[in-house]
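>
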Amino acid sequence: MSESSSGTAASAPAAAGGANKTAADARFLRIENLVKEFDSVVAVDKVSIDIRKGEIFALLGSSGCGKSTLLRMLAGFETPTSGRILLDGRDIAQIPPYERPINMMFQSYALFPHLSVWDNVAFGLRRAGLPKDQVADQVEKMLGLVQLKQFAKRKPHQLSGGQQQRVALARSLAKRPQLLLLDEPLGALDKKLRERTQLELVGIIESVGVTCVMVTHDQEEAMTMASRIAIMSEGRILQIGAPAEIYETPNCRFVADFIGNVNLFKGKVVEDAADHVIVDTPECRHYVGHGITGTEGMEVSVAIRPEKIRITRERPGGAHDGFNCVEAEVADLAYLGSYTIYHLKLATGLLVKASIASVERLPDWQPTWGDKVFASWDEYAMVVLTQ
Amino acid sequence: MNKLLARLMPNNPGRAVVIGVPYLWLVLFFLLPFLIVLKISVSEMNVGQPPFKPLTEMVDNFLNIRVYLGNFISLFDVANDDLYARTYLSSLKYAAWTTIFCLVIGFPFAYFMARARPTIRPALLMLVMMPFWTSFLLRVYAWKAILTTNGVFNQILIGLGIIGEPLHMLHTPFSLMIGMVYVYLPFMILPLYANLVKLDGRLLEAAADLGATPWQRFWLVTVPLSKSGIIAGSMLVFIPCVGEFVIPELLGGPETLMIGRVLWDELFSNNDWPRAAAVAVVTILLIIVPLAIFNKYQAESQGERT
Chain F
2 MSESSSGTAA
12 SAPAAAGGAN
22 KTAADARFLR
32 IENLVKEFDS
42 VVAVDKVSID
52 IRKGEIFALL
62 GSSGCGKSTL
72 LRMLAGFETP
82 TSGRILLDGR
92 DIAQIPPYER
102 PINMMFQSYA
112 LFPHLSVWDN
122 VAFGLRRAGL
132 PKDQVADQVE
142 KMLGLVQLKQ
152 FAKRKPHQLS
162 GGQQQRVALA
172 RSLAKRPQLL
182 LLDEPLGALD
192 KKLRERTQLE
202 LVGIIESVGV
212 TCVMVTHDQE
222 EAMTMASRIA
232 IMSEGRILQI
242 GAPAEIYETP
252 NCRFVADFIG
262 NVNLFKGKVV
272 EDAADHVIVD
282 TPECRHYVGH
292 GITGTEGMEV
302 SVAIRPEKIR
312 ITRERPGGAH
322 DGFNCVEAEV
332 ADLAYLGSYT
342 IYHLKLATGL
352 LVKASIASVE
362 RLPDWQPTWG
372 DKVFASWDEY
382 AMVVLTQ
Chain V
282 MNKLLARLMP
292 NNPGRAVVIG
302 VPYLWLVLFF
312 LLPFLIVLKI
322 SVSEMNVGQP
332 PFKPLTEMVD
342 NFLNIRVYLG
352 NFISLFDVAN
362 DDLYARTYLS
372 SLKYAAWTTI
382 FCLVIGFPFA
392 YFMARARPTI
402 RPALLMLVMM
412 PFWTSFLLRV
422 YAWKAILTTN
432 GVFNQILIGL
442 GIIGEPLHML
452 HTPFSLMIGM
462 VYVYLPFMIL
472 PLYANLVKLD
482 GRLLEAAADL
492 GATPWQRFWL
502 VTVPLSKSGI
512 IAGSMLVFIP
522 CVGEFVIPEL
532 LGGPETLMIG
542 RVLWDELFSN
552 NDWPRAAAVA
562 VVTILLIIVP
572 LAIFNKYQAE
582 SQGERT
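Protein chains in written order, with my numbering: chain F, 2 to 388; chain V, 282 to 587.
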């Protein structure tokens, strides 16, 4: 559901305007070779990203990967060591934060505790020197947008976490920024509320039409909310793409491992054709149904997602008999309601995870501890990782 | 009252003792002496020992209680003698100026101390508290030596050729203010620091993000959020300053009227205990009580917030 809603956001600007406008929109926010060093520690290392107008873009990575530093440079709280940040063609790297057309929703919100909800939302508008009636109009509009009109007179501490989050959103949108930054927008909420709020937040951001860069360490949050995701590690961008692209075709072992679960088989390319490759690993021989940029004899890893593995009692026959199948013993299993996770121990000692959706459970046979089973997968289930 | 009893006598006797000891101390050495002062303030002066007449006497089997209000009336009898009124106003004025100077000097000090690297904060804090290692009296005397006509300060100024003749600084309002601000500055800095060090830096970033210039951030975020520290520091400076005796005595001059000195004169020079007691009672009722109420109200509105 969220996929489709964020999908429209990404395609909307492309549909609007002529070719020139589209090209400019595709580089609405341009980050070029951005570097930030703290006392010779490189926090952000030559990062370049083009962000489209109107899209929600997520920087995803574990803590200390540089994503927050990158966001703080966009907001203006950190000065880049080198590189450029172009917003709508204008270099903003040297502009102080209070003069940038950018607003940020802070992690755990940073609402002013001494001001009412109304005054919190009005804070930025008053600093912009707007006349009183315009300030009032805009604050009312924003509070209506986040459905908090009846709480206007309350102080932040009198609100629940979810309400505070909406005040923070209203405050950051009040000045109609060209760019909205979200720093772990839902990190302070509990899980149930977080799931509901994710879609709510996307809905509001899209209704306003603001370009948005968010930082998160929660992959589910990034995949739900963002139209595109950049995976960061050690200050670098490893891969940029739509959520499905990153999940289905990770470009390196780190990304494959970071997003979801993955089984990795290490081996060598023994046959490299245009439409397929064959990889030999100690466990089995893999027939991969797509070509790779590599050579025969190259060391690679074959990545297979747990949900793409089938478990059967008999060795399955098929088009590529003898490929893509291993014999294993069920070492452990965990029934999680909608699916079951099996830990399969192979003869080489490698543990393979397989998750079987409950809809595929057979009525007459369920693998259990100690069972000898066959794990198999088809030729399109795999990704060959060269890095 | 029930609340107080419940607090004084909880189920846990150990807790009662711990809470009770300071209460007992305050009753014995603050409340009782105050009641004695109150009693003396409504007595008539007596030449002899004790220097005040008793409040009660038996005459023809009648117990006569004689509450004499002359001491209080004369304090407010401005037409006859406005010394007391002027002294109260002047004490308030000096205390207010001291508070303002301490705030103006102390706030930036506390602010940068709170913003300093955590590793050097304890050292800075120690520097603020360092004067307490020397006797208060000695420090005030030292100022006397610095500010006197042949003192260090004048000699330096003459040596630098800035002035030809030594300036008369000691026993003026100037020297009084120097002494008061110097002595009370730490009492302003410490509560301000304790408050500012808790100030969430992200609130300042949020303000900057929303378009507030550094100056606006200070007035719209830092100052309102350090209000409780400003109030606490101002109380700690203002209240003792009003009744300050030693500094005006040593550094003040004849024109620097302060209530502490008047009280001293009444007690020791005029031997008029009842009037001295009345001066003290009025000081407490007029100045300390309203401030205490204000402080309590402030504390409550602060408590609501957190």
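Beta carbons: idealized from backbone N, C-alpha and C, even for Gly. Note that the structure is a prediction, hence the values are computed from the model and not measured.
#1: Taking residue 211(F) as part of the beta strand (DSSP E), name the residues at either end of that continuous run.
#2: Considering just the uninterrupted stretch of the beta strand (DSSP E) at residue 286(F), what are its terminal residues?
#3: Are any of the Cβ atoms in chain V nearer than 7 Å to that of residue 352(F)?
#4: Let me confirm a value: residue 54(F) is counted as buried when at least 16 other C-beta atoms fall within 10 Å, else exposed. Which label applies?
#5: Quick test of your reading: residue 146(F) and residue 171(F), contact by CB under 8 Å. State the CB separation rounded to the nearest angstrom.
#6: Checking contacts by CB at 7 Å: is residue 505(V) closer than that to chain F?
#7: Are at least three pairs of beta-carbons, each pair with one atom in the region 205-224 of chain F and one in the region 167-184 of chain F, less than 8 Å apart?
#8: Any idea which residues DSSP pairs residue 352(F) with across the strands?
#9: Could I get the ranges of all uninterrupted alpha helix (DSSP H) runs contained in the region 527-553 of chain V, with 4 residues as the minimum, in chain order?
#10: Alpha carbon to alpha carbon, what distance is there between residue 346(F) and residue 333(F)?
#11: Which first and last residues belong to the beta strand (DSSP E) in which residue 326(F) is found?
#12: Closer than 9 Å between beta carbons: that is the criterion. Which residues of the region 499-531 of chain V meet it against chain F?
#13: Which residues in chain V sit within 7 Å of residue 128(F), going by Cβ to Cβ distance?
#14: In whole angstroms, what is the alpha-carbon distance linking residue 529(V) and residue 134(F)?
#15: Three-state secondary structure (DSSP) at residue 375(F)?
#16: Can you tell me the Cα-Cα spacing of residue 354(V) and residue 461(V), whole angstroms?
#17: Can you list, in chain order, the stretches of the beta strand (DSSP E) that have 3 or more residues and sit fully within the region 469-537 of chain V?
#18: So residue 486(V) contacts chain F; which residues on that side make the cut at Cβ distance below 9 Å?
#19: Tell me which same chain residues have a C-beta within less than 8 Å of the C-beta of residue 76(F), skipping the five on either side of it?
#20: May I have the straight-line CA-CA distance separating residue 536(V) from residue 515(V), to the nearest angstrom?
#21: Taking just the CA atoms, how far does residue 317(V) sit from residue 352(V)?
#22: For the alpha helix (DSSP H) that residue 391(V) lies in, which residues bound it at each end?
#23: Which word fits residue 314(V), buried or exposed, when buried means at least 16 other C-beta atoms lie within 10 angstroms of its C-beta?
#24: Please name the residue in 188(F), 193(F), 257(F), 177(F) whose C-alpha comes closest to that of residue 213(F).
#25: I want to see whether chain F comes within less than 7 Å of residue 483(V), judged by CB atoms only; does it?
#26: Given a threshold of 16 other Cβ atoms within 10 Å of its Cβ, counted over all protein chains shown, does residue 65(F) qualify as buried or as exposed?
#27: Can you list, in chain order, the residues of its chain whose CB lies under 8 Å from that of residue 499(V), leaving out five sequence neighbours each side?
#28: For residue 162(F), decide whether its Cβ has a neighbour in chain V, counting only Cβ atoms nearer than 7 Å.
#29: Going by DSSP, which residues form a beta bridge with residue 267(F)?
#30: Looking at the secondary structure, which residues open and close the beta strand (DSSP E) in which residue 240(F) lies?
#31: State the CB to CB distance for the pair residue 557(V) and residue 544(V), rounded to an integer number of angstroms; the pair is presumed to be in contact (CB under 8 Å).
#32: One question on the structure: do residue 125(F) and residue 506(V) come within less than 7 Å of each other, judged by their Cβ atoms?
#33: Going by the CB atoms, is the gap between residue 285(F) and residue 388(F) shorter than 7 Å?
#34: Closer than 7 Å by beta-carbon distance: list the chain V residues that pair up with residue 115(F), in chain order.
#35: Answer with buried or exposed for residue 83(F), where buried requires no fewer than 16 other C-beta atoms within 10 angstroms of its C-beta.
#36: Say whether chain V places a C-beta atom closer than 7 Å to the C-beta of residue 39(F).
This is what the structure gives:
#1: Careful: residue 211(F) lies outside any beta strand (DSSP E) and carries neither H nor E.
#2: 286-289
#3: no
#4: buried
#5: 7 Å
#6: yes
#7: yes
#8: 346(F)
#9: 527-532, 540-545
#10: 9 Å
#11: 326-336
#12: 501, 502, 505, 506, 508
#13: 491, 492, 493, 497
#14: 55 Å
#15: strand
#16: 31 Å
#17: none
#18: 73, 76, 78, 98, 105, 107, 111
#19: 98, 101, 103, 105, 182
#20: 25 Å
#21: 15 Å
#22: 364-396
#23: exposed
#24: 177(F)
#25: yes
#26: exposed
#27: none
#28: no
#29: 302(F)
#30: 237-242
#31: 5 Å
#32: no
#33: no
#34: 505, 506
#35: exposed
#36: no
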